[in-house]
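**Student:** Got a structure for you, written out below as structure tokens; questions coming shortly.
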Amino acid sequence: MNKGIFISFEGPDGAGKTSVLQGLLPKLAEFGMDVVTTREPGGVAIAEEIRSVILNPENTAMDDKTELLLYIAARRQHLKERILPALDAGKLLLVDRFIDSSVAYQGFGRGLNVEDIHWLNAYATDGLVPDLTLYFDIDVEEGLARIAKNRHHDVDRLDMETVDMHERVRQGYLSQLEQHPERMVKVDASQELEAVIVDAFAIITERFFKK
Ligand code: TYD
22 MNKGIFISFE GPDGAGKTSV LQGLLPKLAE FGMDVVTTRE PGGVAIAEEI
72 RSVILNPENT AMDDKTELLL YIAARRQHLK ERILPALDAG KLLLVDRFID
122 SSVAYQGFGR GLNVEDIHWL NAYATDGLVP DLTLYFDIDV EEGLARIAKN
172 RHHDVDRLDM ETVDMHERVR QGYLSQLEQH PERMVKVDAS QELEAVIVDA
222 FAIITERFFK K
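In terms of my numbering, the sequence shown is residues 22 to 232.
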């Protein structure tokens, strides 16, 4: 039985979820729980190595199933080394991307079988699902425009995908949202960053810290 709280942050590229996650940290401090933040793919050394293989723009020959299995392998290692220990220690754990990214990107985006992805995710996580998933929703064109404007990293392999692929990814998220209304909550990420942070904070407070 885990004692901590597990919240995942999901959304298409450019939704701003990483900035929201950072912006939440000072606000969450008021609840007196230790907060741990981490990301996928990556978060621990072995998974970061896998991440660099996945995102390397030179790896144009990568097969879609290979890509899926690498994300899943990175997830397994991250779970064992970072997620489970943090939850066992009673931390408030904020994870930038988790199982829903596989469904949205490799399932809806790449067109791999979604049932297989659910099964592989469950295998990798021993069935662990987040207590809450914040889904940051934004129109695809708007998200891509934000990325172009704020670009502070080199173009990675996933950045090179088409608008169509990103559109399918968003549909994937919306379908997950419909299927898991108790776990997933949509946040309007088209607002100013500060407003998105306020909304996300309100959802977390309501769910876990309401007096
Ligand atoms: P990253 O630079 O971390 O993007 P972001 O800041 O948007 O999270 O790169 C992660 C990329 O990997 C992103 O495009 C989404 C993709 N991804 C998958 O396709 N499947 C997955 O299971 C995960 C975790 C990420």
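We put the beta carbon where it would ideally sit given N, CA and C, even for glycine.
Just so you know, these numbers come straight off a predicted model, no measurement behind them.
Mind listing, in chain order, the continuous beta strand (DSSP E) runs of no fewer than 3 residues lying wholly within the stretch 190-229?
**Tutor:** 205-209
**Student:** Is T58 close to ligand 1? I mean its beta-carbon at under 7 Å from any heavy atom of the ligand.
**Tutor:** no
**Student:** Per DSSP, which residues does V116 bridge with? Please list them.
**Tutor:** S29 and T59
**Student:** Tell me which residue opens and which closes the beta strand (DSSP E) that L133 is part of.
**Tutor:** First-last for L133: undefined, no H or E at that position.
**Student:** Restricting to runs no shorter than 4 residues, where is the alpha helix (DSSP H) found entirely within the stretch 29-107?
**Tutor:** The qualifying runs are 38-49, 66-76 and 85-99.
**Student:** Going straight from the alpha carbon of L100 to that of F230, what length do you get?
**Tutor:** 25 Å
**Student:** Indicate the three-state DSSP secondary structure (helix, strand or coil) for T183 in the structure shown.
**Tutor:** coil
**Student:** Name the DSSP bridge partner or partners of T154?
**Tutor:** S29 and M205
**Student:** Taking the beta carbon of F52 as the centre, do at least 16 other beta carbons fall within 10 Å, making it buried, or is it exposed?
**Tutor:** For F52, the number of other beta carbons within 10 angstroms of its own is below 16, and it is reported as exposed.
**Student:** Could you tell me whether the Cβ atoms of L113 and D185 are closer together than 8 Å?
**Tutor:** no
**Student:** Which same chain residues, not among the five before or five after V188, have their C-beta less than 8 Å away from its C-beta?
**Tutor:** Reading off the sequence shown, one finds Glu at residue 188, where the question assumed Val. V161, listed in sequence order.
**Student:** Going by CA-CA distance only, name the one from V135, L42 and D85 that's closest to Q197.
**Tutor:** V135
**Student:** Tell me whether Q98 is buried or exposed, calling it buried when 16 or more other Cβ atoms sit within 10 Å of its Cβ.
**Tutor:** buried
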